[in-house]
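FYI, the numbering for the sequence shown is 13 to 108, going by this note's numbering.
Here's the structure, in structure tokens; my notes come after.
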Amino acid sequence: MTERTPPDYDAVVVGAGFSGIYLLHKLREAGFNVVLVDAAAEPGGIWYWNRYPGARVDSQVPLYEFSLPELWRSWSWSERFPGWEELRAYFRHVCD
13 MTERTPPDYD AVVVGAGFSG IYLLHKLREA GFNVVLVDAA AEPGGIWYWN RYPGARVDSQ
73 VPLYEFSLPE LWRSWSWSER FPGWEELRAY FRHVCD
């Protein structure tokens, strides 16, 4: 039998929504070796699952986005209250 070496992480972040992605960023910025896991196939948290017609945010941008300057400069919203399609694209952009 082959012996497997367990992964060496300082932290495991569960959930790839706004909070999980932000925590991943801050922990890595602090020098920690971190892995992010989620039940969904893509990042976005609730916006991965809420894909029904008309689903959109109820808080306008810029309140509903990451507070990281590098993301402000690299993403432009098409409207003040984006729908789920644009939010999923935003999460893919953030995680690239």
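Beta carbons: idealized from backbone N, C-alpha and C, even for Gly.
Check whether residue 46 and residue 76 have beta carbons under 9 Å apart | Sequence index remark: in the sequence shown, residue 46 carries index 34 (1-based). Sequence index remark: in the sequence shown, residue 76 carries index 64 (1-based). No, these two residues do not count as a Cβ contact at 9 Å.
Give the C-beta separation of residue 100 and residue 64 to the nearest angstrom, bearing in mind that I take them to be a contact with Cβ-Cβ under 8 Å.
-> For the purposes of this step, residue 100 is identified with residue 88 of the sequence shown, where counting begins at 1. For the purposes of this step, residue 64 is identified with residue 52 of the sequence shown, where counting begins at 1. With 8 Å as the limit, residue 100 and residue 64 do not qualify as a contact, their Cβ atoms being about 13 Å apart.
Starting from residue 95, follow its DSSP beta bridges and name the residues at the other end.
-> Numbered from 1 along the sequence shown, position 83 holds the residue referred to as residue 95. Its beta-bridge partners are 68.
What whole-angstrom Cβ distance do residue 89 and residue 62 have, given they're in contact under 8 Å?
-> As a first step, residue 89 must be located in the sequence shown, where it is residue number 77. As a first step, residue 62 must be located in the sequence shown, where it is residue number 50. About 18 Å; that fails the 8 Å criterion.
Just the C-alpha distance for residue 51 and residue 93, rounded to the nearest angstrom, thanks.
-> In the sequence shown, residue 51 corresponds to position 39, counting from 1. In the sequence shown, residue 93 corresponds to position 81, counting from 1. Each residue's Cα considered, the two are about 26 Å apart.
Residue 82: which of 105, 67, 66 sits nearest, CA to CA?
-> As a first step, residue 82 must be located in the sequence shown, where it is residue number 70. Out of 105, 67, 66, 105 has the C-alpha closest to the C-alpha of residue 82.
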